[in-house]
Each structure stands twice: as C-alpha cells, then as structure tokens.
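> After the structure tokens below, expect a handful of questions from me.
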Amino acid sequence: MAVGPRRRRTTAPLPALFASQALFNLGFFAVVPFLAITMRDDHGLGGAAVGLVLGVRAFSQQGLFLLGGLLHDRYGARTLIALGCAVRVLGYLALAYASDLTGFVIGAVLTGLGGALFSPALDALVGAADARASPTRPEGRPSLFVGLLLVGEVGAALGPLVGAMLLGVGFSATAGVAAALFAVVGTALWLLVPSGTPPAPARTTAGRPSFDRRFVVFAALFGVNLLAYNQLYLGLGFEVARVGGDAASIGLVFLLLSLLTLAGQWPLGVWAWRLGAGRALTLGFGAIAVGFASLAVASAHPPQPGRELLPAIAMTALLALGHMLVGPVALGLVPRFAGSRPLGAHYGLLATCGGLAVLGGSVALGPLFDADAFPLAWSLLAAAALVSALALPRLLPHSDSRTIPSLPLVTERHHAP
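In this note's numbering, the protein residues as written are 47 to 463.
Here it is as structure tokens:
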C-alpha cells in the first residue's frame, strides 16, 4: 500500500514553545540571582564591578532587542533561536570559568546578547499562534502571552531553588548546568521549529524611524522600572548579606516573588486597565518608591533577630506589585505613541532606555552598596521611582490617554531571561 508524502510542519508546536520558556527561566534564575554573591565572596570583586557586570548584562539584552527583532524578520525564528541559545551557552561557560572582571564582563555580554536574539523570535512564534487563535477565542479568554508568562514563572520559581542547591557544589557547576540546559533546548527547538517560519505581522514604514519627543521622555522615565527590577540581582544580594543571609535566603525571596507574580499578574493587569493609564502608572511607581523607601529606613538600623529578611521581602513584594501594574500599561501605550510610525522601533527604544538605565544606575549604585551606604542607595532609587510616578501621567499620548487598550497582560519579566 502506497503511503503519501508526509505533510511538512508549517507552525511551531505551542507546547514546545511554552516548555522552552519555562526551561529558559529555570536556567536564567539558577545563575543570575547568585552572580553578585559569587563575584563578591568568591572572587573579591567590589560593588562597582558587580554593578558594571549586571548593568552590561541587562543592556546587552534589553538594549539589543530591536536588533534581535530585525534579524528575526530577515532570517526567521528557527535560526535566531538556535543562534541565541548557542551564544547564551557560550556566555554561561564564560561565567563558569571567569576568574576576574574581564571574564565576568565577557560572560555577561554573551548571556545578554543570546537573550536579545532568541527572546524576540520566541515571542514572534507565540504571537503568530495567538493571531491564528484570536478569531475563534471565546470572549474573556486571555492571550497566549499570559500563558507564556505563567509557565515562565514556574521556571522562575524553580530556578533560584536549583541554583541555591548547586551553589553548594560551586558557581561553575551552576553555570555549567545552565549552559547544558540551553544547549538541549536550543537543539530541540531547531528540530521542532520549521525552517522558514514567517515572522509575525508588524507595522512598518519606509525611512528611518522617528520618535515623538514626548515618547522619548516617557521611555527614559519608564526605564526606572527596569532599573528597579534589576535590584533583585544587585541590591537584594547586598541587603541579604547585610542581615546575615545566604544563597538559600535569596532563593526564598525569589520563590515568593514568583508566587506573587503567578497569583497577581492577571488580576492586577485587569485592575490597571480599569484604573486607566495615568493612575496605574502613579500607583505602580508609587509602590516601587515606597518599597525602596522602607528599605532605606530599615537599612539604617541593625536587623531585628528573627525578622532579618522582612524588609527585603516587603521591598520585593512592593516592587512586584508596581512592576505588574506599570508593565502592561506601558506596552499598551506604545502603539498610541507610534501612530503610523514603525512600531518595532518604538518598542526597541523603550527596551533600550531600560537597558541604559540599568547600566548607568548599576555602575552608580554598586559603589554605594559596597561602601555600606545602604540608606543613600535605596533613597536614590525611591526618589527616581517617585519622579516617574509624578511625571509619567503627564506624558501620555493625547488621544484617549485615560484608558488602556486591550493588549496581552504581560510584563517585562517574561523578557528577563
């Protein structure tokens, strides 16, 4: 009996994409939260060096998201995911064998660049699947991006626990396991994602992208959000060390963060939509400012026995609350700022401003943490968040700026790996 030719797969399997996001987060959060501790305790590097490495890592990823999107449009998702995973593997191996600042900087750049290559491609595949499902999706059912965020949080919850356990063997073992994980996932996606997968539709216009001045200022002030979130990798480690905590303590705080995100992302996103853009931005950045201010006060006093981690946990909870409120709002406002201009370039500028804020802020804050000037460092962060809370509502697009469009309720956290 003759067998007809096998039908060629034309779309990427959604379960594989979701599983990959969970594994990407697991590998990322097993390594990066403990990078500051390793650099400081195992290699004797100061706060300025730690801040530089973490800032370079963030900028290498967020600042190059636009490049990753453009390369995806040219070469396709399959190639960019494989290339990004390969670069991330090299980055983790560089971190595993790093013994000085140069080695850590090289590893940080490669890990960030890898994420900038594969993250936009993975998002494009999920976006294409979401567009196909949209016509038949029941009213009220969330976007596939919400599912991507939630499965990613599973990996984000497990990653710090795995990292804390492997840290007993050594940071090199942790980074090596993460490199092996990305190698396996990259190979699997190369086999599962069809070649020539078309990119998701995007609005483009001819010529060089131009930006409204109001949006440039908005993007610069919104960069404080990513700077604040990066303190989970920089400032949190110094705070935990200040009160006598260890790697297990950091793993516990990240586990609580993931549980909060899993439970709160959807209802807080809906609440932000009901509040309107201006109020959501004010409340979100206000919560971040209060979190940093509370830690500034707490760090000026000796830790209370039995309650050493409470200030760090409170700051993390308020930071998560604010991040979940402002993230969907900003992503939803970008198309209104863009109008008929290139949408991808506007999202790229938003990410680049965040990367620049992390780079500059980390280099400035690292020496303060290193000098035990904790109240000053946390106060500066609180002041920056307060400025954003007050100024951003005044910079909203003129057209119907009191509401938020119905867009995927997803924050930058799903881009974090």
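Glycine included, each C-beta is placed from N, C-alpha and C at the ideal position.
What is the DSSP secondary structure of residue 109, reduced to helix, strand or coil?
On the sequence shown, residue 109 is found 63 positions in, with the first residue counted as 1. Coil, per DSSP.
> Give me the Cβ distance between residue 279 and residue 65, rounded to the nearest whole Å; I'm assuming they're in contact under 8 Å.
Within the sequence shown, numbered from 1, the residue matching residue 279 stands at position 233. Within the sequence shown, numbered from 1, the residue matching residue 65 stands at position 19. Not a contact, Cβ separation roughly 25 Å.
> Rounded to the nearest angstrom, what separates residue 359 and residue 415 at their Cα positions?
As a position in the sequence shown, residue 359 is number 313, starting the count at 1. As a position in the sequence shown, residue 415 is number 369, starting the count at 1. So the alpha carbons of these two residues sit roughly 18 Å apart.
> Between which two residues does the alpha helix (DSSP H) holding residue 271 run?
Counting from one through the sequence shown, the residue named residue 271 turns up at place 225. Run containing residue 271: 259-275, per the alpha helix (DSSP H) assignment.
> Alpha carbons only, please: which of 88, 95, 142 is nearest the one belonging to residue 34?
Nothing in the structure corresponds to residue 34, since the chain is present only between 47 and 463.
> Taking residue 431 as the reference, give the member of 334, 109, 137 with the closest Cα.
What you label residue 431 is simply residue 385 of the sequence shown in a count that begins at 1. Selected option, being the one with the closest Cα: 334.
> Buried or exposed for residue 86, please, with buried defined as at least 16 other CB atoms from any protein chain shown within 10 angstroms of its CB.
In the sequence shown, residue 86 corresponds to position 40, counting from 1. Counting Cβ neighbours within 10 Å, residue 86 comes out buried, since at least 16 surround it.
> So, are the CB atoms of residue 21 and residue 198 less than 8 Å apart?
The structure shown does not extend to residue 21, since the chain spans only 47 to 463, so no value can be given for it.
> Can you grab the Cα-Cα spacing for the pair residue 123 / residue 353, in whole Å?
In the sequence shown, counting from the first residue as 1, residue 123 sits at position 77. In the sequence shown, counting from the first residue as 1, residue 353 sits at position 307. Spanning the two alpha carbons is a distance of roughly 48 Å.
> Where residue 417 and residue 174 are concerned, what is the direct C-alpha to C-alpha distance, given to the nearest angstrom?
The count along the sequence shown starts at 1 and reaches residue 417 at position 371. The count along the sequence shown starts at 1 and reaches residue 174 at position 128. Residue 417 and residue 174: Cα-Cα distance of roughly 49 Å.
> Starting from the C-beta of residue 366, find all residues in its chain whose C-beta is less than 8 Å away, skip the five residues before and the five after it, and write them out in chain order.
In the sequence shown, the residue the question calls residue 366 occupies position 320. Cβ neighbours of residue 366 beyond the five flanking positions: 303, 306, 307, 310.
> In chain order, what residues of the same chain have a beta carbon less than 8 Å from the beta carbon of residue 450, not counting five sequence neighbours either side?
Position 404 of the sequence shown, counting from 1, holds the residue named residue 450. Its pLDDT being 48, under 50, residue 450 is placed unreliably in this model, and the value from its coordinates should be taken loosely. 318, 319, 322, 323, 326, 374, 375, 378, 379, listed in sequence order.
> So what does DSSP say about residue 199, is it helix, strand or coil?
Walking along the sequence shown from the start, residue 199 turns up at place 153. It is helical.
> Can you tell me whether DSSP reads residue 10 as helix, strand or coil?
Because the chain here runs from 47 to 463, residue 10 falls outside it and cannot be looked at.
> What do you get for residue 165, buried or exposed, if any count of 16 or more other CB atoms within 10 angstroms of its CB means buried?
The residue labelled residue 165 in the question sits at position 119 within the sequence shown. By the 10 Å Cβ count, residue 165 comes out buried.
> Cutting at 7 Å between CB atoms, please list the residues of its own chain near residue 200, excluding the five before and the five after it.
Position 154 of the sequence shown holds residue 200. Hits under 7 Å: 68.
> What does the Cβ neighbour count give for residue 134, buried or exposed, with the cut at 16 atoms within 10 Å?
Taking the sequence shown and counting its residues from 1, one reaches residue 134 at position 88. Classification of residue 134: buried, given that the 10 Å Cβ count is 16 or more.
> Sort 356, 163, 298 by Cα distance to residue 205 and report the nearest one.
By one-based count along the sequence shown, residue 205 stands at place 159. The shortest C-alpha separation from residue 205 is found at 298.
> Give the straight-line distance between the Cα atoms of residue 288 and residue 364, rounded to the nearest whole angstrom.
As a working note, residue 288 is residue 242 in the sequence shown. As a working note, residue 364 is residue 318 in the sequence shown. Distance between the alpha carbons of residue 288 and residue 364 is about 20 Å.
> Less than 8 Å separating the beta-carbons of residue 101 and residue 409?
To locate residue 101, count along the sequence shown from 1; it is residue 55. To locate residue 409, count along the sequence shown from 1; it is residue 363. In this structure, residue 409 lies closer than 8 Å to residue 101 by Cβ.
> Touch check for the region 258-268 and the region 156-170: three-plus C-beta pairs under 8 Å?
Flag = no, the region 258-268 and the region 156-170 do not touch.
> For the candidate residues 362, 234, 266, whose alpha-carbon lies nearest to that of residue 286?
The residue labelled residue 286 in the question sits at position 240 within the sequence shown. Of the listed residues, the one whose Cα sits closest to residue 286 is 362.
> Just verifying my parser: in three-state terms, what is the DSSP assignment at residue 172?
In the sequence shown, the residue the question calls residue 172 occupies position 126. The answer is helix: DSSP assigns residue 172 an H, G or I state.
> On the premise that residue 163 lies in contact with residue 195, defined as a C-beta separation below 8 Å, what is that separation, rounded to the nearest angstrom?
Within the sequence shown, numbered from 1, the residue matching residue 195 stands at position 149. Within the sequence shown, numbered from 1, the residue matching residue 163 stands at position 117. The Cβ separation is near 20 Å, so there is no contact.
> Does DSSP put residue 417 in a helix, a strand or coil?
As a working note, residue 417 is residue 371 in the sequence shown. Here residue 417 sits in coil by DSSP.
> Tell whether a beta-carbon distance below 8 Å holds between residue 272 and residue 108.
The count along the sequence shown starts at 1 and reaches residue 272 at position 226. The count along the sequence shown starts at 1 and reaches residue 108 at position 62. Cβ distance < 8 Å, so residue 272 and residue 108 count as in contact.
> Ignoring anything shorter than 4 residues, give me the alpha helix (DSSP H) runs that lie fully in the region 299-383, in order along the chain.
Segments of the alpha helix (DSSP H) lying fully in the region 299-383: 323-344.
> My understanding is that residue 435 touches residue 328, with C-beta atoms under 8 Å, so please give their C-beta distance in whole angstroms.
Position 389 of the sequence shown holds residue 435. Position 282 of the sequence shown holds residue 328. Correct: roughly 5 Å between the Cβ atoms.
> Using only CA atoms, which one of 394, 58, 400, 79 lies nearest to residue 117?
Taking the sequence shown and counting its residues from 1, the one referred to as residue 117 is at position 71. When only C-alpha atoms are compared, the closest one is 394.
> Do residue 342 and residue 218 have their C-beta atoms closer together than 8 Å?
Reading the sequence shown from its first residue, position 296 is the one you call residue 342. Reading the sequence shown from its first residue, position 172 is the one you call residue 218. It is not a contact, given that the beta carbons lie outside the stated cut-off.
> For residue 97, which three-state DSSP category applies?
Along the sequence shown, read from residue 1 onward, the residue named residue 97 stands at position 51. Here residue 97 sits in helix by DSSP.
> So, are the CB atoms of residue 368 and residue 331 less than 8 Å apart?
Taking the first residue of the sequence shown as 1, we reach residue 368 at position 322. Taking the first residue of the sequence shown as 1, we reach residue 331 at position 285. It is a contact, given that the beta carbons lie within the stated cut-off.
> Can you give me the Cβ contacts of residue 403 inside the same chain, cut-off strictly under 7 Å, excluding the 5 residues immediately before and after it?
Along the sequence shown, one-based indexing puts residue 403 at 357. Excluding positions up to five away in sequence, the list reads 269, 270, 272, 273.
> Hey, quick one: how far does the alpha helix (DSSP H) through residue 233 stretch, first residue to last?
What you label residue 233 is simply residue 187 of the sequence shown in a count that begins at 1. First-last of the alpha helix (DSSP H) with residue 233: 217-238.
> Taking the alpha-carbon positions, what's the residue 382 to residue 437 distance?
The sequence position of residue 382 within the sequence shown is 336, counting from 1. The sequence position of residue 437 within the sequence shown is 391, counting from 1. About 18 Å.
> So, helix, strand or coil for residue 115, using DSSP?
Along the sequence shown, read from residue 1 onward, the residue named residue 115 stands at position 69. Residue 115: helix per DSSP, three-state reduction.
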